[in-house]
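Take a look at the structure set out below.
Residue numbers (the working numbering): 895 to 1357.
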C-alpha cells in the first residue's frame, strides 16, 4: 500500500482534481489568449493599413502641389518620392498614349508589375503583395493630373510586432499555468484530504475500530460527509454494543436455563429412584418431591416459553374491558395468604387490556411481596383520566442494596438466599411482568424512596 502512495497521489482524486483545474484554466487561457491575439492582430493590421493609406494620400497631395505649374510635373513627383525613406514607390504617367512607369532604386523585382495600378485602381483599397519572403502593402493615390503614385510599405515591422505579441502571450500564460497547477494542487489537497481521512476511518471501522471521527464543522458537502460518517460510526458502535450485550445476555440466559433445569431434573431423578424403595414413608416423600419438582419444572418451562415469545415479538395482548380493581381482588383471594393482602380502589379501574396477562403481573407482584417482604401487602388501584395505576407495596426490608438496577433482569431473585434448591421462583417473574406491561403500552417500575418495604408501580393506558 505504501508503494502505491505516490502513484495514487497523481492518479487518484487529488491528481484528477489538479489535472481538471489545470486543463480548465489552460483551455480558458488558450481561448482568451487566442481571441485577444486575433483581435490585436486585426486591429494592428487595420491601423497599419489606415496609416499607409493616409501617408500615401498625403504624399500624393504634397507631390501634386510641388509639381503644379511646372514644365515637367512627373519629374517633380519623382524627385519628391526619391526623398521618402523606408518606402518603395512607383510613378505612372498617364498623359501619353501609353502609361509610362518609374520605380524606386531598391524596389524588389516582384513588385515591378505594369498591371499593379490596374488592380489597385479597381479595388480602391490597399493590396498585400508578396515579394519573395517579404510582404508589402501597396497603396495607390493621385499626384496631379495624369499622374498616379503607388507606395509599397514593408510589413516586416508589423509581423515582428505580432510575433512579439505571440511570444509575450505564451510567456505570460506559462506562469499563469504554473500558478494554476500549484493552486489546483492546494485546492485538490483541501478537497481530497477529508475524503482520504474518511477512507482511512472507513478502513479502521472495517477492521473493527469504531472510534475514528471526522470533522463535521461547516455547511459544505464535506461537512455533511463527515457528519454522516460520524453518525454511521456512532450507530454501528451502538449496534455492536447492543449485539455484544445481547450475546452476553443470551449466553447467560442459556447458562441460567441449564442451571435452573438441572436442579428439578436432579430432584426428579432422585425421586424416581426412591420409588423403588419398599419403605412407604420414603416412597411417599419421593412422590411429594416428584409432584413439587414436576410442577416447578412445568412453571419454569412455561416462563421460558413466555420469554421466548417476547424475544421473538410473537406475544399478543387479547384486549377486552377489564376491571382492574376486581382483578386485583381476585388475585388477593387466590394467593397463599389472602388475609395478608389488602386491596383498595380509587376512581374508575376499567381499561382495555388482556386479563390473563394482567392477572399474571398482579399475581407475581403480590407473591413477591408475600415471599420477600412482610405483611400486609397493599394493592392500591387508582383510576386516572388516561391511565390506571396499580401500586403494590409490602412492609419488609425492601430491595437489597445494589439489586435495584438488576431487579427486572432475567433469573434475578430478590433474596439471594433463596437458591434454586429451594422452593423459590425462577427469577423470570419480574422480567415477564415488565414485558407484559410494555406490551400494553404501559410501564412497571420500582418506586424509589417509597419508605419501608418494596413498592412497585404498574401504569397502564386505558385504551
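We treat Cβ as the ideally placed atom computed from N, Cα and C, and that holds for glycine.
Asked	Found
Rounded C-alpha distance that separates residue 1091 from residue 913	22 angstroms
Strand pairing of residue 1329, partner residues [DSSP]	Per DSSP, none; premise fails for residue 1329.
Whole-angstrom distance between residue 941 and residue 1088, CA atom to CA atom	56 angstroms
Residue range of the alpha helix (DSSP H) that includes residue 1057	1050-1100
Cutoff 6 angstroms; reference residue 1046; Cβ partners in own chain excluding five residues on either side	982, 1005, 1030 and 1032
C-beta atoms of residue 1237 and residue 1254 nearer than 8 angstroms	no
Residue 1322 vs residue 1339 beta-carbon contact at 8 angstroms	no
Meets three-Cβ-pair contact criterion under 8 angstroms: the segment 1349-1357 and the segment 1276-1286	yes
Residue 1228, enclosing alpha helix (DSSP H) - first and last residue	1218-1228
Backbone CA spacing between residue 936 and residue 943 [nearest angstrom]	11 angstroms
Whether residue 1241 touches residue 1277 by CB criterion (8 angstroms)	yes
C-alpha distance - residue 1195 paired with residue 1324, whole-angstrom precision	16 angstroms
Beta-bridge partners of residue 1039, as assigned by DSSP	Beta-bridge pairing links residue 1039 to no other residue.
Nonlocal neighbours in the same chain, by C-beta distance under 7 angstroms from residue 968, ignoring five residues either side	985, 987 and 1041
Whole-angstrom C-beta distance between residue 1034 and residue 1362, which should lie under 8 angstroms	Residue 1362 cannot be examined here, being either before or after the span of the chain that is shown, 895 to 1357.
Buried versus exposed call for residue 970 [16 or more other C-beta atoms within 10 Å across all chains shown]	buried
Separation of residue 926 from residue 1117, as counted between CA atoms	36 angstroms
Among 1293, 1164 and 1172, nearest to residue 1346 - alpha-carbon criterion	1293
Classification of residue 1315 by the beta-carbon crowding that lies within 10 angstroms, buried from 16 upward	Confidence is the limiting factor: at residue 1315 the pLDDT is only 41, short of 50, which leaves the residue's position unreliable and the question unanswerable from this model.
Three-way DSSP call (helix, strand, coil) for residue 979 in this model	coil
Span separating the alpha-carbon of residue 1141 from that of residue 1150	14 angstroms
Residue 1269 - containing beta strand (DSSP E), residue span	Careful: residue 1269 lies outside any beta strand (DSSP E) and carries neither H nor E.
Outcome for residue 989 when other beta-carbon atoms lying within 10 angstroms are tallied against a minimum of 16	exposed
Length of the line joining the Cα atoms of residue 1205 and residue 1332	13 angstroms
Unbroken alpha helix (DSSP H) run spanning residue 1196, endpoints	1174-1206
Opening and closing residue of the beta strand (DSSP E) in which residue 1283 lies	1281-1287
Sequence-distant residues of its chain with Cβ nearer than 7 angstroms to residue 1056 (five each side left out)	935 and 938
Candidates 977, 1134 and 1044, of which the one nearest residue 1009 by Cα	1044
Where the alpha helix (DSSP H) through residue 952 begins and ends	907-961
Nearest-angstrom Cβ-Cβ length linking residue 1038 and residue 961, presumed shorter than 8 angstroms	5 angstroms
Within 8 angstroms, strictly: CB atoms of residue 1190 and residue 1232	no
Per DSSP, cross-strand counterpart(s) of residue 1351	1285 and 1339
Span of the beta strand (DSSP E) around residue 1238	1235-1240
Straight-line gap, residue 995 to residue 1007 (C-alpha atoms, nearest Å)	10 angstroms
Residue 869 classed as buried or exposed, judged by whether at least 16 other C-beta atoms fall within 10 angstroms	In the structure displayed, the chain extends from 895 to 1357; residue 869 sits before or after that span and is not available.
Residue 1152 versus residue 1183 - alpha carbon distance	20 angstroms
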